[in-house]
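Reading through the structure tokens given below for one structure.
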Amino acid sequence: MSSTLVRHGLFFVIIAALLAVLTGLVFDAYTNYNVAGIAIFAISAAGLTVLTGVNGQVSLGHGALMMIGAYTTSVLLQWHPDLPMLLALLASIATTGVAGAIIGIAGARLRGPYLAGATLALALALPQVPTHFASLFGGNQGIIVPAPAAPGVLGAGFPPDQWLAWVCLAAALVTLFLLANLVRGGTGRRLRMVRDNEVAARLAGVDVARTQVLAFVISAVCAGLAGSLFAYWVGITSPAGFTLNLSLSLLTAIVIGGLGSLLGAVLGAVVLVYLPVWTGGLASSLNLASNVANNVPLAVYGVVLIAAILVFPRGIAGGIASARQALTKTVGSRRRASTLPGAPAP
Amino acid sequence: MRPQLERSRTWAAAAAGMGAALLTAACGSGSSGSGNQASAPGVTATSVTIGSTQPLTGPAAAGYSEIAPASNAYFKYVNAHGGVFGRSINYIYLDDGYNPTNTATQTRKLVLQDHVFAMYSALGTPTHLAVVQYLNSEKIPDLFVASGCNCWNNVTQYPQTFGWQPDYTVEGKILGQYVAQHFPGKKVGFFAQGPNDEFGTDGVVGATDTLQGGAVNLVTTPQYYTPTAAGAMAVGTAIAKLQAQGVQVIVSFSIPSFTAVAEASAAKLNYHPTFVVSNVGTDPPTLISILTSGALGAKLPAALIAGTITDTYLPAQTDATNPWISLFKGIKATYAPSLPWDGNVLYGFAAAFTFVQALKAAGQNPTRAGIISAIENGHWTDGPGLSPYGYSSSNHLGLTGVQIVTIGADGTETTTGPVQITDDTATGPITTYSGTPSVPPANGIPSD
Numbered sequence: 005m006s007s008t009l010v011r012h013g014l015f016f017v018i019i020a021a022l023l024a025v026l027t028g029l030v031f032d033a034y035t036n037y038n039v040a041g042i043a044i045f046a047i048s049a050a051g052l053t054v055l056t057g058v059n060g061q062v063s064l065g066h067g068a069l070m071m072i073g074a075y076t077t078s079v080l081l082q083w084h085p086d087l088p089m090l091l092a093l094l095a096s097i098a099t100t101g102v103a104g105a106i107i108g109i110a111g112a113r114l115r116g117p118y119l120a121g122a123t124l125a126l127a128l129a130l131p132q133v134p135t136h137f138a139s140l141f142g143g144n145q146g147i148i149v150p151a152p153a154a155p156g157v158l159g160a161g162f163p164p165d166q167w168l169a170w171v172c173l174a175a176a177l178v179t180l181f182l183l184a185n186l187v188r189g190g191t192g193r194r195l196r197m198v199r200d201n202e203v204a205a206r207l208a209g210v211d212v213a214r215t216q217v218l219a220f221v222i223s224a225v226c227a228g229l230a231g232s233l234f235a236y237w238v239g240i241t242s243p244a245g246f247t248l249n250l251s252l253s254l255l256t257a258i259v260i261g262g263l264g265s266l267l268g269a270v271l272g273a274v275v276l277v278y279l280p281v282w283t284g285g286l287a288s289s290l291n292l293a294s295n296v297a298n299n300v301p302l303a304v305y306g307v308v309l310i311a312a313i314l315v316f317p318r319g320i321a322g323g324i325a326s327a328r329q330a331l332t333k334t335v336g337s338r339r340r341a342s343t344l345p346g347a348p349a350p
Numbered sequence: 017m018r019p020q021l022e023r024s025r026t027w028a029a030a031a032a033g034m035g036a037a038l039l040t041a042a043c044g045s046g047s048s049g050s051g052n053q054a055s056a057p058g059v060t061a062t063s064v065t066i067g068s069t070q071p072l073t074g075p076a077a078a079g080y081s082e083i084a085p086a087s088n089a090y091f092k093y094v095n096a097h098g099g100v101f102g103r104s105i106n107y108i109y110l111d112d113g114y115n116p117t118n119t120a121t122q123t124r125k126l127v128l129q130d131h132v133f134a135m136y137s138a139l140g141t142p143t144h145l146a147v148v149q150y151l152n153s154e155k156i157p158d159l160f161v162a163s164g165c166n167c168w169n170n171v172t173q174y175p176q177t178f179g180w181q182p183d184y185t186v187e188g189k190i191l192g193q194y195v196a197q198h199f200p201g202k203k204v205g206f207f208a209q210g211p212n213d214e215f216g217t218d219g220v221v222g223a224t225d226t227l228q229g230g231a232v233n234l235v236t237t238p239q240y241y242t243p244t245a246a247g248a249m250a251v252g253t254a255i256a257k258l259q260a261q262g263v264q265v266i267v268s269f270s271i272p273s274f275t276a277v278a279e280a281s282a283a284k285l286n287y288h289p290t291f292v293v294s295n296v297g298t299d300p301p302t303l304i305s306i307l308t309s310g311a312l313g314a315k316l317p318a319a320l321i322a323g324t325i326t327d328t329y330l331p332a333q334t335d336a337t338n339p340w341i342s343l344f345k346g347i348k349a350t351y352a353p354s355l356p357w358d359g360n361v362l363y364g365f366a367a368a369f370t371f372v373q374a375l376k377a378a379g380q381n382p383t384r385a386g387i388i389s390a391i392e393n394g395h396w397t398d399g400p401g402l403s404p405y406g407y408s409s410s411n412h413l414g415l416t417g418v419q420i421v422t423i424g425a426d427g428t429e430t431t432t433g434p435v436q437i438t439d440d441t442a443t444g445p446i447t448t449y450s451g452t453p454s455v456p457p458a459n460g461i462p463s464d
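In order, the protein sequence lines correspond to chains A and B. Residues in the first sequence are numbered from 5 upward in steps of one, following my numbering. Residues in the second sequence are numbered from 17 upward in steps of one, following my numbering.
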């Protein structure tokens, strides 16, 4: 356990240093902005992959949980414009964690499509709330969130995009570090046991309902953190930002990336952020009629989805693992090839 | 020069090829490229790059998705005739699906990656409100927002932002006065985008100002809709409520797809009120195409829009004798043959004409501060608009007045009465504009 911690810790410190250099010296402002977006979606997707991939509970309502986090931050900032970012993040984690516990308690009684249906209802219903309590939540128009200012020690002219990218990346690394340890430890084993066979888990002394609620809280906390950062990143929190589409995109991201794999969640987040950027360019470089070109990004998104599922049935992370397996076999190494931990059996 | 990946790439390439010729030979409009400097971000010796966010897909795409291609067609025409001081205009417009979150990310792309000189004609009230603070904090000229929210007229908070079309309060006041004068004794109700959307609420405020003093029976509580797919399903209920209240005249501040849904819902309920709809929601070809395409579940008759009352701040798009209409229609035929001819396309051309006016006024080597001051000090009256612009250092409102229009069963627009101008205050009087309509320059490009 402790050697795992040290290994993970070292890995994440190296990654953090690498990213600090990239965002500070190599990337331009727009890439930093997108990197921040990847970090935010990676946090949310990582939480979802623990819930859906590791624990086997499908949530179609993760966008709604992000919404709770985003609105917590936005409302607090509306009341206290000078609220430190760290406090806003912690408050969002707290509110979304509580919401996650409540949904988790209800969800623990539901299985398969019924749980999916219940979370789907949440994703559809929650964006209506700000419209009804408009004075508090700003209604359809939403709440403008000022860009977070870099701390004074970094100098007055420090680029805000770079600061936001750093905060988001730091949050993502801490989240991934904690989740990586969690899924490899006893909790992770219990989560997987409940996913694979509830009866066996119960016979082995695992409290199934409590484990399921715990999984929901863990993923909700991640969604809340992501939602809070999302509010800062977008600059406006409005119901239109948290449509069913967002929930489905998150689920799509973890499936494309590789269900149950944290690396997969990160790769899925990269796809989620960069696919629209790439396809936007593609649509304009082809000489198409505008009514066709306008819809090319959507069509490409669909094609990529279908292709990814056909080529990588276990997601990109699963594909990488299979490729590594194949490579080790052809090289003839006696070393037992390892699949990515946490990935469900094909 | 880094190649642009945007939709304008093909013509940008063509324009770049043309640029070489421009530098050596005197061009059509008499200006030349010599002495051009890269005077601001997005401005090179041979090009000016501007950006916009537009609802190319999603609930507001019907009709509005034509505006940016229409503007682009006018820019192509200007580029082919020597550009502005020898610079070609490179117009990058990105899809935000009428979703403020997408507007925020796409605007960052335009600013941080494409390094646009200015934002031009970014569309939508809820969408553009998401980025107006950001654009102003980055000191990026935010010109001619394609929305009639009077929130763009806030010189202290948003010194970089300018409206273009008459604001919704101005429109609401003039429409309200027309209803008060022409439907005495009738019961009048509101259908509007909202309740927390400045488009709907500004319009309702303006119309209430003039309706309350009139001899009509006003239902002051509006029926609001949300501009989403889910919101479209709730329109039937809203219209049924108006019917139950006995409303005979519905004053509507709605985008085209929701105007169509509202009119279709009323017909379905065998309810035949008079619809009085603000300009943004009534382009007849757009409404007819939504109704007859079957997009609302069944193919509906185009005649549902007959008798709808609206207003216009541009010449009627069906008025073939108007010199602005024939100019823009001619350019469209060459530079954007696949676009239909309708009010949205006319809007795109007219706004683009105004942008070229502003860019020319900013001088040979424009700066961001320079174009702001050029617009504030322009005092333009010439252009396709029916009324003068309100621009000054204390006022960032665009066109100041409208003329009432009645829509026929075949979509023809008939203007009635004079062009009326007013301001967006509750007590500001409505006056008749008596200036002579301007005619376009011979070559169709604003003179230097």
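We put the beta carbon where it would ideally sit given N, CA and C, even for glycine. Being a predicted model, the structure only gives us computed values, none of them experimental.
{"query": "Give the range of the alpha helix (DSSP H) segment to which L159/B is assigned.", "result": "Careful: L159/B lies outside any alpha helix (DSSP H), inside the beta strand (DSSP E) at 158-161."}
{"query": "How many angstroms separate the CA atom of A425/B from the CA atom of Y287/B?", "result": "17 Å"}
{"query": "Taking the alpha carbon of F220/A as the point to measure from, which residue in G111/A, G322/A, T179/A has its own alpha carbon closest?", "result": "G111/A"}
{"query": "Can you name the residues of chain B whose CB is closer than 9 Å to the CB of D165/A?", "result": "R124, L128"}
{"query": "Which residue's Cα is closest to the Cα of I423/B: T60/B, L151/B, D183/B, F291/B?", "result": "F291/B"}
{"query": "How far does the beta strand (DSSP E) with L208/B in it reach, from first residue to last?", "result": "In the sequence as displayed, the identity of residue 208/B is Ala instead of Leu. Looking at the DSSP string, the run of the beta strand (DSSP E) that includes A208/B is 203-209."}
{"query": "Straight-line CA distance for P131/A to I106/A?", "result": "18 Å"}
{"query": "How long is the line joining the alpha carbons of S253/A and S403/B, rounded to whole angstroms?", "result": "47 Å"}
{"query": "Using a Cβ cut-off of 8 Å (strictly closer), state whether L191/B contacts chain A.", "result": "no"}
{"query": "Taking 8 Å as the threshold, find out whether the stretch 227-237 of chain A comes into contact with the stretch 68-77 of chain A through three or more Cβ pairs.", "result": "yes"}
{"query": "Taking 8 Å as the CB-CB limit, is S63/B close to chain A?", "result": "no"}
{"query": "Going straight from the alpha carbon of A303/A to that of N249/A, what length do you get?", "result": "15 Å"}
{"query": "Work out the CA separation of I391/B and S153/B for me, nearest whole Å.", "result": "20 Å"}
{"query": "So, at 8 Å on beta carbons, what are the nonlocal neighbours of A151/A in its own chain, with the 5 sequence-adjacent residues on each side left out?", "result": "P164, L168, Y236, G239"}
{"query": "Let me check understanding here. Comparing Cα to Cα, which of T172/B, G262/B, Y150/B, A245/B lies closest to K202/B?", "result": "G262/B"}
{"query": "CB P400/B to CB L330/B, shorter than 8 Å?", "result": "yes"}
{"query": "If we count the other Cβ atoms within 10 Å of its Cβ and call it buried at 16 or more, is D111/B buried or exposed?", "result": "buried"}
{"query": "Would you identify the three-state DSSP class for P434/B, choosing helix, strand or coil?", "result": "strand"}
{"query": "Between S281/B and the rest of its own chain, which residues show a CB-CB distance below 7 Å, the 5 nearest in sequence each way excluded?", "result": "V251, G252, I255"}
{"query": "Is it buried or exposed for L258/B, if we count other Cβ within 10 angstroms and need 16 for buried?", "result": "buried"}
{"query": "Which word fits D183/B, buried or exposed, when buried means at least 16 other C-beta atoms lie within 10 angstroms of its C-beta?", "result": "buried"}
{"query": "Strictly below 9 Å CB to CB, what residues from chain B border A33/A?", "result": "R124, V127, L128, Q129"}
{"query": "For T443/B, which option in G58/B, V148/B, T224/B, T69/B has the closest C-alpha, if you only look at C-alpha atoms?", "result": "T224/B"}
{"query": "With L93/A as the anchor, note down where its alpha helix (DSSP H) starts and where it stops.", "result": "89-111"}
{"query": "Using three-state DSSP, classify Y136/B as helix, strand or coil.", "result": "strand"}
{"query": "Kindly list the residues whose CB is nearer than 8 Å to the CB of G179/B, restricted to its own chain and excluding five residues on each side of it in sequence; keep chain order.", "result": "F160, V161, S163, G164, C165, N166, W168, N169, H412, L413, G414"}
{"query": "By DSSP, does L234/B sit in helix, in strand, or in coil?", "result": "strand"}
{"query": "Are the CB atoms of Y278/A and N36/A within a distance shorter than 8 Å?", "result": "no"}
{"query": "Locate the alpha helix (DSSP H) running through L207/A, then write down its first and last residues.", "result": "202-207"}
{"query": "Is the CB-CB distance between V147/B and T119/B below 8 Å?", "result": "yes"}
{"query": "Does any C-beta atom of chain B lie closer than 8 Å to the C-beta of I260/A?", "result": "no"}
{"query": "Please classify Q145/A: does DSSP put it in a helix, a strand, or coil?", "result": "helix"}
{"query": "For the stretch 205-228 of chain B, list every residue whose C-beta sits within 8 Å of some C-beta in chain A, in sequence order.", "result": "G210, P211, N212, D213, E214"}
{"query": "Could you tell me which residues DSSP puts in a beta bridge with F291/B?", "result": "I266/B"}
{"query": "Go ahead and pull the three-state DSSP assignment for A37/B.", "result": "Note that A37/B scores 42 on pLDDT, short of 50, meaning its location in the model is unreliable; the coordinates nonetheless yield the value given after this. In the structure shown, A37/B sits in a helix (DSSP, three-state: H, G or I)."}
{"query": "Please list the partners that P142/B has in chain A, where partner means a Cβ-to-Cβ separation under 8 Å.", "result": "N144, Q145, G146, S242, A244"}
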